[in-house]
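Chains as they are written, first to last, in the working numbering: chain Z, 30 to 489; chain W, 30 to 489. Think of the CB as a built atom: it goes at the ideal place given N, C-alpha and C, for glycine as much as any other residue. In this text the structure is predicted, and so the values were computed from the model without any measurement. Written out below as C-alpha cells is the structure these notes cover.
Here it is as C-alpha cells:
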C-alpha cells in the first residue's frame with residue numbers, strides 16, 4: 030500500500046490528507062503535526078483573546094477524531110527534523126523523546142509560516158508576544174490573566190494587528206497601534222486604510238501611523254518582579270509607547286527548514302517553489318499552504334500570499350495529485366477581508382502600487398454609494414475603489430469598505446470572480462446583479478463605480 | 030436639433046433620457062409620463078404600505094427637478110395615445126384636456142407593465158387592489174386608513190405578494206396569502222419557496238398554497254356602507270378567505286397599446302420585440318423596460334423578465350443608441366432577490382424546470398452551510414441550490430436562502446457573474462473568494478455546494 034506522509038496538520042495539511050483519502054481510499058495517509066491542534070483556525074485567535082469566542086477547541090475546523098475518521102493516521106506532537114529524499118524517508122522526533130524514521134512514497138510539506146520577529150532589540154523580553162499559533166494565543170491569554178496587564182502596544186497595523194487591537198480593547202486594555210506605513214492595513218491603498226484608522230480611533234485605540242519601531246526596552250526592577258515594569262516601545266519619531274504587553278504583528282515568513290533538508294528549490298520571498306500541481310523541485314515531494322509559493326492568477330507568476338483560504342485550496346490540490354490525481358491550482362488574487370469592529374475592508378487583485386510594479390498602465394476610480402436604496406431604513410455608505418487597465422478597461426483590482434452589514438465581503442467576491450474571468454469594468458457594468466430596495470440598488474455600487482471609472486478613462 | 034421623445038418616465042425612460050443627454054449633450058430630449066412620479070421606485074411600494082418608509086417622495090430615484098437638471102424636458106401627466114411612424118409624430122393627451130402632436134426623430138417606448146387582473150369574477154369590487162404604481166400604493170393606503178380594515182387576502186404569493194403580506198402584517202392586519210403553486214414564490218424551486226412560507230407563517234401570515242382563486246364576492250349591505258362588508262375569496266379547494274382588502278398580485282403584463290399603434294412587432298409573452306440594441310421593428314423607435322422583451326444571456330434568446338434592474342440597464346442602452354451610440358444590451362439572467370421579514374431568498378439563471386424546458390440535462394445539488402465560521406457568534410445557516418449542466422459542469426442556475434445578514438444577495442451576484450462568464454462549478458470552486466471568520470468560511474458555502482455538486486455528478 031502506498032504511503033503518503035504529510036508534515037503539518039494545519040489547513041493545507043488537513044485538506045491534503047482528506048482529499049488524498051477521498052481520491053484514493055486505499056492510500057495510507059499519515060499526518061504529523063508539531064502541536065496538539067490539527068486544522069486549527071489561526072484566523073480565529075484574536076476572537077479568543079477578545080472573548081468573542083469562549084471555547085478554544087471550537088476553533089478547530091475539524092477535531093482529531095473527525096480527521097482520523099477519514100482514515101488518516103494522526104501523529105500529534107511529532108516534529109519532522111529532516112528529509113532523506115533519496116531514501117524517501119523522514120526523521121521524526123516523537124513526544125516521548127525517541128526518534129523514528131518514516132518511509133514515504135509521496136510527501137507533502139505543509140509546515141506553514143511563522144511570525145516575523147523584527148530585527149530590533151528587545152523582541153525577546155517577557156511580555157513581548159506574536160500571534161500565530163494556538164500556543165501563542167494561550168500564552169498571551171495566560172499572561173494577561175496572570176499579570177493583570179492594563180495596556181498593550183501592537184507593532185504592525187496589518188490585519189492581525191488591527192484584529193488584536195480590537196481584541197485587547199475588548200479585554201479592557203489601553204491599546205496603542207504602531208504602523209510604519211502612512212495608514213493601518215498597508216496592503217490596502219491608504220484611502221481604505223484610513224477607514225480602519227478611523228474605526229480603531231473611534232473605539233479608543235491610539236493609532237500611530239508613519240512611524241517605525243526601533244527598539245523595545247524594559248527598565249530593570251530590583252524586586253525581580255516584572256509584573257509592574259512596563260515595556261517601552263521606541264519609535265523612529267522619537268516617541269515611545271508604554272505598555273504592559275507588546276504584540277509583534279509585522280507579518281509572517283514561510284517555514285522551510287525541513288523542505289530545505291531535502292534540497293527543494295526555494296522561490297518567491299523564500300517560500301518553497303512549487304509548480305501549479307504543487308510539486309516541489311524534488312520528486313515525490315509536494316508543498317502547500319503558507320510554507321509555499323502561490324500562483325498569482327492575474328500576473329500568471331508565482332507570488333507569496335499566505336492566506337487560510339489559499340491554504341485550503343492548495344492542500345486540496347496537493348492531496349489530489351499526491352494520491353494520483355492531476356489537478357492544477359488555479360491561483361490566488363490576494364483576495365482578503367478583515368473586520369475591525371463594525372468596519373469591513375476588503376481587497377482583491379492589485380493595489381495601485383502593485384499595478385505600477387507589474388508595469389501596467391491603469392486608471393483608478395473612487396466611488397461612494399449605498400449598500401441599498403437610501404429610502405429604506407439602515408442604508409450604509411459603501412466605499413469602492415476600482416483599478417482597471419487603461420485602454421482595455423480590464424478590471425485589475427478592487428478595494429471596498431463599509432459597515433459589516435453592507436455585504437462587503439461578498440461584493441469583493443463578485444470582483445474576484447470578475448477579475449478571475451478577465452472582465453472589463455464595462456462588462457462588470459453589464460452584469461445582471463440582484464436588486465431589492467432593502468438589499469441593493471438598481472445599479473449595484475460596484476457597477477456605479479465601474480461606470481464612474483469608464484467616465485474617468487474616457488476623459489483622460 | 031434632433032429630438033428624442035421618450036414615452037414613460039419610470040426607470041427605463043429616465044435612464045434612457047439621462048444617458049442620451051450624456052452621449053449627445055446637443056440632443057433635445059422630451060420625456061412624457063402619465064402620472065406625476067418620474068423615476069419612481071415601484072419596488073419600494075410595499076415598504077410604504079408597511080410603514081417602513083414614511084416619506085413617499087423619497088422613493089423616487091430622482092426628483093423631477095433633478096431630471097430636468099440634466100436638460101430633459103419633462104411632461105408630466107401627459108399620455109401618448111398614438112404613434113404616426115410614417116410622420117415620426119406622437120399624439121399626446123395633455124393634462125388640460127388638449128391634444129398635442131409631438132414630432133420626433135427618435136422615439137423610445139418605455140410604457141412599462143401593468144398588473145394582471147385575473148379573469149375571475151369580482152376583481153372590480155371595492156376593496157380589491159393591485160400594487161404596481163404610485164397611485165396604487167396611495168389608493169391602498171387611503172383605503173386602509175378610511176375603512177379601518179383589519180384583514181387582507183393576497184391572491185398570488187410571488188415577490189410582491191410576499192412583500193405585501195409582510196407590509197399588511199406590519200400595519201396590524203390579519204393576512205391570508207393564497208398561492209396556486211405548491212409553495213410561495215413560484216419562480217423559485219419549491220425547496221426555496223418553502224423557506225418563504227415558513228418565514229411568513231412564523232410572523233402570523235396564513236399561507237395557503239396549492240389552491241387557485243376562482244372568484245371574489247361581497248355580500249350586499251342594505252345600509253349602503255361597504256366598510257363593514259368583508260370580501261370573500263373563493264378557492265378551488267372549496268375554502269374561502271374572508272378579508273376587508275384583497276390584493277391581486279399574480280404578475281404583470283407589458284403595456285404595448287401605444288407601440289402597437291406604430292405597428293411594432295410583438296414578441297415573447299406579448300412584449301415589444303427588440304433587438305439587442307433595443308430597436309423595435311419600426312425604424313426610429315426603440316423600446317426598453319417592462320414593456321419590452323429582454324435578452325436571456327444564458328439561453329441566447331428573447332425572454333420576458335420585467336425587473337427594475339433590467340429596466341435601468343435597457344434604458345441606458347436604448348438612450349445611448351437613440352443618441353447615436355452603438356451598444357448592445359448584454360442580457361439578463363433573471364437575477365432576483367426578495368426579503369421576507371428577516372429571510373432573503375434569491376435566484377439567478379435557470380430553475381430545474383426551466384433547465385428541462387430548455388432541453389438541457391442537469392444535475393442539482395442542495396447544500397446547507399454557514400455564512401461564517403460557526404465558532405464566531407451569529408453564524409447563519411445558508412441554503413444553496415446549484416444546478417449545473419451534466420457533463421460540462423457549467424453552472425446554469427443558483428438559488429440561495431438565509432437570514433438577511435448572511436450576504437445572500439451578493440452571493441447570488443457571485444453566481445450571476447459566474448453564470449454570465451460561463452464558469453463551471455469546478456471553476457467556481459477555484460475562485461479566490463474572501464475569508465475571515467466573522468464573515469466567511471475558508472471555502473465559501475457556494476464553493477462547498479459546488480464541490481457537493483461535482484460529487485453527485487461524478488457518482489451518477
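For this session: Can you have a look at residue 339 of chain W and say buried or exposed, based on whether 16 or more other CB atoms are within 10 angstroms of its CB?
Result: buried
For this session: Determine the closest residue to residue 56 of chain Z out of Z:349, Z:378 and Z:157, with distance taken between C-alpha atoms.
Result: Z:349
Exercise. Roughly how many whole angstroms lie between the Cα atoms of residue 420 of chain Z and residue 385 of chain Z?
Worked result: 15 Å
For this session: Return no unless some Cβ of chain W is closer than 8 Å to the Cβ of residue 392 of chain Z.
Result: no
Problem set entry | Where residue 466 of chain W meets chain Z, residues with beta-carbon distance less than 7 Å | 70, 72, 73 and 76
For this session: May I have the straight-line CA-CA distance separating residue 399 of chain W from residue 426 of chain W, to the nearest angstrom?
Result: 20 Å
For this session: Compare the C-beta of residue 333 of chain W against all C-beta atoms of chain Z and say whether one is closer than 8 Å.
Result: no
For this session: Round the Cβ separation of residue 374 of chain W and residue 438 of chain W to the nearest angstrom and send it over; I've been treating them as touching at under 8 Å.
Result: That pair is no contact at about 10 Å.
Problem set entry | Endpoints, alpha helix (DSSP H) assigned at residue 460 of chain Z | Careful: residue 460 of chain Z lies outside any alpha helix (DSSP H) and carries neither H nor E.
Problem set entry | Same chain, Cβ closer than 6 Å to residue 150 of chain Z, neighbours up to 5 away in sequence not counted | 244
Problem set entry | Within chain Z, partners of residue 441 of chain W - CB distance below 7 Å | 463
Problem set entry | residue 237 of chain W, enclosing beta strand (DSSP E) - first and last residue | 235–238
Exercise. Can you list, in chain order, the residues of its chain whose CB lies under 8 Å from that of residue 90 of chain W, leaving out five sequence neighbours each side?
Worked result: 40, 43, 68, 69 and 70
Exercise. Going by the beta-carbon positions, is the gap between residue 325 of chain Z and residue 360 of chain Z smaller than 8 Å?
Worked result: For residue 325 of chain Z and residue 360 of chain Z, yes; Cβs fall inside 8 Å.
Exercise. What does residue 40 of chain W pair with, by DSSP beta-bridge criteria?
Worked result: Residue 40 of chain W pairs with nothing; no bridge assigned.
For this session: Measure the CB-CB distance between residue 109 of chain W and residue 47 of chain W and report whether it falls below 8 Å.
Result: no
For this session: Closer than 8 Å, Cβ to Cβ, to anything on chain W: give me those residues from the stretch 211–230 of chain Z, in chain order.
Result: none
For this session: Could you pull out every residue in the same chain whose Cβ sits closer than 7 Å to the Cβ of residue 457 of chain W, ignoring the five residues on either side in sequence?
Result: For residue 457 of chain W, the CB contacts under 7 Å within the same chain, skipping 5 residues up- and downstream, are 424, 447, 475, 476 and 479 in chain order.
Problem set entry | Span separating the alpha-carbon of residue 317 of chain W from that of residue 412 of chain Z | 31 Å
Exercise. Can you check whether the CB of residue 284 of chain W is closer than 8 Å to the CB of residue 314 of chain W?
Worked result: no
For this session: Run the CB neighbour count on residue 492 of chain Z, radius 10 Å, all protein chains shown included, and call it buried at 16 or more, exposed below.
Result: Here chain Z comprises residues numbered 30 to 489, so residue 492 of chain Z is not present and cannot be evaluated.
Exercise. For the candidate residues W:118, W:137 and W:139, whose alpha-carbon lies nearest to that of residue 129 of chain W?
Worked result: Per the Cα distances, W:118.
Exercise. Thinking just about the alpha-carbon of each residue, which of Z:383, Z:453 and Z:370 is nearest to the one in residue 229 of chain Z?
Worked result: Z:370
Problem set entry | Neighbour-count burial assignment, residue 211 of chain W, 16 or more Cβ in a 10 Å radius | exposed
Exercise. What residue from W:200, W:182 and W:177 has the CA that sits closest to residue 237 of chain W's CA?
Worked result: W:182
Problem set entry | Segment contact flag, the stretch 272–287 of chain Z with the stretch 220–229 of chain Z, C-beta cutoff 8 Å, min 3 pairs | no
Exercise. To the nearest whole angstrom, what separates the beta carbons of residue 408 of chain Z and residue 401 of chain Z, a pair I think is in contact under 8 Å?
Worked result: Yes, they are in contact, since the Cβ atoms of residue 408 of chain Z and residue 401 of chain Z sit about 5 Å apart, within 8 Å.
Problem set entry | Whole-angstrom distance between residue 175 of chain W and residue 435 of chain Z, CA atom to CA atom | 39 Å
For this session: Tell me, please, whether the CB atom of residue 404 of chain Z is closer than 8 Å to any CB atom in chain W?
Result: Under the 8 Å criterion on CB atoms, residue 404 of chain Z is classed as interfacial with respect to chain W.
Problem set entry | Short Cβ contact (8 Å threshold) for residue 206 of chain Z with residue 430 of chain Z | no
Exercise. Touch check for the stretch 191–202 of chain W and the stretch 76–96 of chain W: three-plus C-beta pairs under 8 Å?
Worked result: yes
For this session: Quick one: give me the first and last residue of the alpha helix (DSSP H) that residue 72 of chain W is part of.
Result: Unbroken run through residue 72 of chain W: none, as it is neither H nor E.
For this session: Measure the alpha-carbon distance for residue 287 of chain Z versus residue 260 of chain Z and round it to whole angstroms.
Result: 35 Å
Exercise. Chain W beta carbons: is any one of them nearer than 8 Å to that of residue 67 of chain Z?
Worked result: no
Problem set entry | Status (buried if at least 16 other CB within 10 Å, exposed otherwise) for residue 383 of chain Z | buried
For this session: Give a yes or no on whether 8 Å exceeds the smallest Cβ distance from residue 498 of chain W to chain Z.
Result: With chain W represented from 30 up to 489, any question about residue 498 of chain W goes unanswered, as that position is not in the structure.
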